[in-house]
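Read the structure below first, then the notes.
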Amino acid sequence: MTSKKAEVLETLEKWSKKDHTDCDCLMIVIMTHGDKELCASDVSYPVDSLWANFVGNKCPSLIGKPKIFFIQACRGTAVDDGVKYKPIHGRVRLNDQMDGRNFKELNSSPPMADLLMMYSTNEGFYSFRNKEKGSWFIQSLCKELSDEPS
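Right, here's the structure in full:
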């Protein structure tokens with residue numbers, strides 16, 4: 001019998017070996033329990049094992065393409081009570097110019113380039129969810145990815 005951890009990691013490895021030439025990006029959503037690591041039903045596993053097989057030197061057909069991981073899981077037991085604030089009127093203007101340095105063009109990329117990891121909570125904190133409706137994080141993600149304009 002295959003463990004759930006092995007099943008998850010084998011599925012990710014299988015997908016990493018596919019030819020992604022015709023794909024524009026990779027998007028993976030994980031919803032599970034967690035603490036310092038993610039939980040399968042039988043054992044925990046490190047969160048970086050989610051993207052380990054999708055880095056440039058292991059999945060060349062995704063080089064230069066966004067690889068996005070949405071992770072809905074607790075990352076600890078602390079409760080984030082939030083902070084009260086007053087709305088800020090006006091905008092902060094950012095300087096969008098380079099600082100004058102010249103960069104040479106390279107034909108290589110760091111293995112973990114183009115990776116974006118989105119977590120439902122900060123490290124060390126509990127991730128809230130409603131048993132009927134799910135979490136605000138996943139609800140918001142689904143709303144933004146839906147075809148319906150807001």
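Numbering (the UniProt record's numbering), first residue to last: 1 to 150.
Here a beta-carbon is modelled for each residue, glycine too, at the ideal position from N, C-alpha and C.
Among the options, which residue has its Cα nearest to the Cα of residue i?
| i | options | result |
| --- | --- | --- |
| Cys-59 | Ala-113, Cys-74, Glu-7, Cys-39 | Ala-113 |
| Asp-24 | Leu-12, Ser-16, Leu-62 | Leu-62 |
| Ser-120 | Asp-80, Gly-64, Ser-146, Val-55 | Asp-80 |
| Leu-38 | Lys-65, Trp-136, Tyr-126 | Tyr-126 |
| Cys-142 | Trp-15, Met-27, Pro-110 | Met-27 |
| Lys-65 | Leu-116, Glu-123, Lys-131, Arg-129 | Leu-116 |
| Asn-57 | Thr-77, Ser-49, Pro-111 | Pro-111 |
| Asp-42 | Glu-7, Asp-19, Met-118 | Glu-7 |
| Gly-124 | Ile-68, Lys-36, Glu-144, Leu-50 | Lys-36 |
| Gly-82 | Ser-146, Asn-122, Phe-69 | Asn-122 |
| Lys-17 | Val-47, Val-55, Asp-147 | Val-55 |
| Thr-77 | Trp-15, Lys-67, Phe-128 | Phe-128 |
| Asp-48 | Asp-22, Thr-2, Met-118, Lys-14 | Met-118 |
From the DSSP output, read off the bridge partner residues of residue i.
| i | result |
| --- | --- |
| Tyr-126 | In the DSSP output, where bridge partners are listed per residue, Tyr-126 has none listed. |
| Ala-73 | None; Ala-73 has no bridge partner. |
| Met-118 | Phe-70 |
| Gly-134 | Asn-130 |
Thinking residue i and residue j are a contact (beta carbons under 8 Å), I'd like their distance in whole angstroms, please.
| i | j | result |
| --- | --- | --- |
| Lys-4 | Ala-52 | With 8 Å as the limit, Lys-4 and Ala-52 do not qualify as a contact, their Cβ atoms being about 18 Å apart. |
| Leu-9 | Tyr-45 | 7 Å |
| Gln-139 | Lys-131 | 13 Å between Cβ atoms; not a contact. |
Using 9 Å as the limit for Cβ to Cβ distance, is residue i near chain C?
| i | result |
| --- | --- |
| Tyr-45 | The chain inventory of the structure shown lacks chain C, comprising one protein chain alone. |
I want to know whether the stretch 24–40 touches the stretch 67–78 - three or more CB-CB distances under 8 Å. Short answer: they touch.
Extract the residue ranges of the alpha helix (DSSP H) inside the UniProt domain "Caspase family p20" (7–78), only unbroken runs of 4 or more that lie entirely within it. Runs of the alpha helix (DSSP H) spanning 4 or more residues and lying entirely within the UniProt domain "Caspase family p20" (7–78) do not occur at all.
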